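Student: Numbering (my numbering), first residue to last: 243 to 623.
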Ligand code: XIL
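Here it is, written out as C-alpha cells:
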C-alpha cells in the first residue's frame, strides 16, 4: 500500500522549506538553477544529472557538487532522475499516465511506465459501461488488474469516472424518472468507489457535464434532463460515503480555452460546496490541447484554484507535441501551489486515443522512444 502519510510529510517538508536551506527532496543544483545549494540538515545534495541535483536523506547540509561529473552519493535509479521524481521534487504528488491492462501488456510501454511515472488512470476500465453494463451486475476484473499493478509499483490511482454521459449503458440513458435515476447513481457510485476503497488517490466523480457554448450551459444528458444539476451532489455524496479518503474531483475539457465553460464549472463548485462544505475537493482539467494551447493553461489553473479546491491536469496530450507547449504546461502546474498532479492520457503516441496527428501528442513516439518534448520537460524540471 502506498504510504500517503509519508508523501504528505515530504510534501509539507518541501512546502515549508525556509531560508536556512533546501528541504529534503528539493532541488539544490543543476544547469540554470539559481536557488540555494545548501541542503537542510539531515539531507545531502546529490547529483542526478547535469540539470538536476536533489537534497536526499543522509548526513549533510552540504553544497551542490559540480553540475558535471560523478555523483557524490549514488542515488538509486528510480530516485531523482525520472519524470515523476523530478516533478515530485517540486512538491507535487505524482506524474501519471492513462493505462489499462491492454497497454500494460506491452512490455516497452510498461518498462517506461515503471521507470518514469508515479500514477495511473484507467483509460476505460472504470467507466460505467465497463463496471455496470447491466443494472446491478458489477464487473471489476479489468480495473482490478490495473489497481493491483499500481499497488505493486507504489503508484497513485486516479479513479475515472463515476458519472459521465459517454460510455454510459443504454439502460441508464433510458431511465425516465428522477427517483429511479437517483437511486441508480447512488448504487453505481457507492459500489464502484466502495470496491476500490482505500486504493484510489482521487476520483473523477463527475465528468464533462458542461457544453462548449457561449454560456457554458449544462450538457443535456439523462442526468440533467431528470435532475437539473442535483445529480452532482448525489454522485459526490455517494462517493464520499463509500470512500471518504479519496479526493473528489469534477473533471472537464476545454477549460483552458473557454472562460464561459470554466466560469460555469467554478460557479457550480462554489454552489455545491456552499450547501455541502468540502463535498467537491478538486477540479480536473483534462487538457487535451491543440498546438500552441500550452499558453492558456496557467490562467485557467489560477482561476480554478481560486475556488478553494485542488486542481489537477488529468488527461494531458498536445497536438503536435511541441517542446515549448509541454514545458509551458509543466511550468504552469509548478507555479500553482494547488496544482497537485499531471496525468498524460497515455504514454506513447502508438497507443494514444488520438491518432494521425503530425508530431503525435504524447512524450514517447510510436517506437516508445522519448521525444524532444520529453527531454525539454526533464530539463525544465
Ligand atoms: C477515451 C479513451 O482514451 C478511449 O480509449 C475511448 O475509446 C474513449 O474515451 N475524455 C475523457 C476520457 O474523460 O475518458 C476519454 O478517454 C477521452 C476524453
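All residues carry an ideal CB built from backbone N, CA and C; glycine is no exception. In this text the structure is predicted, and so the values were computed from the model without any measurement.
Within the same chain, show all residues whose beta-carbon is closer than 6 Å to that of residue 581, passing over the 5 residues directly before and after it, in chain order.
Tutor: 543, 553, 575
Student: Got a sec: does the ligand XIL put a non-hydrogen atom nearer than 6 Å to the Cβ of residue 453?
Tutor: no
Student: For residue 467, does the three-state DSSP call read helix, strand or coil?
Tutor: helix
Student: Give me the DSSP bridge partner(s) of residue 376.
Tutor: Answer is 379.
Student: For residue 183, is the beta carbon positioned less than 6 Å from some heavy atom of the ligand XIL?
Tutor: Past the boundaries of the shown model lies residue 183; the chain is included only from 243 to 623, so the question cannot be answered.
Student: Is residue 585 helix, strand or coil when you go by DSSP?
Tutor: strand
Student: Between residue 348 and chain E, is any beta-carbon pair separated by less than 7 Å?
Tutor: Chain labels in this structure do not include chain E; a single protein chain is all it has.
Student: So what does residue 555 bridge to, in DSSP terms?
Tutor: 527, 584
Student: Looking only at its own chain, which residues have a Cβ that is under 8 Å from the Cβ of residue 475, when we skip the five neighbours before and after it?
Tutor: 514, 517, 518, 521
Student: Does DSSP put residue 357 in a helix, a strand or coil?
Tutor: helix
Student: Name the one or two DSSP bridge partners that residue 398 has.
Tutor: 361
Student: How is the alpha helix (DSSP H) around residue 490 delimited, first residue to last?
Tutor: Note, residue 490: premise wrong, no alpha helix (DSSP H); beta strand (DSSP E) at 489 to 494.
Student: Compare the C-alpha of residue 478 against each of 510, 357, 500 and name the closest.
Tutor: Nearest C-alpha to residue 478: 510.
Student: From this set, 468, 394, 452, 437, which residue's C-alpha is nearest residue 416's C-alpha?
Tutor: 468
Student: Which residue's Cα is closest to the Cα of residue 410: 505, 395, 375?
Tutor: 375
Student: Which runs of the alpha helix (DSSP H), 4 residues or longer, sit entirely within the stretch 414 to 452?
Tutor: 420 to 437
Student: Considering residue 620, what are the terminal residues of the alpha helix (DSSP H) in which it resides?
Tutor: 614 to 622 is the span of the alpha helix (DSSP H), which, as asked, contains residue 620.
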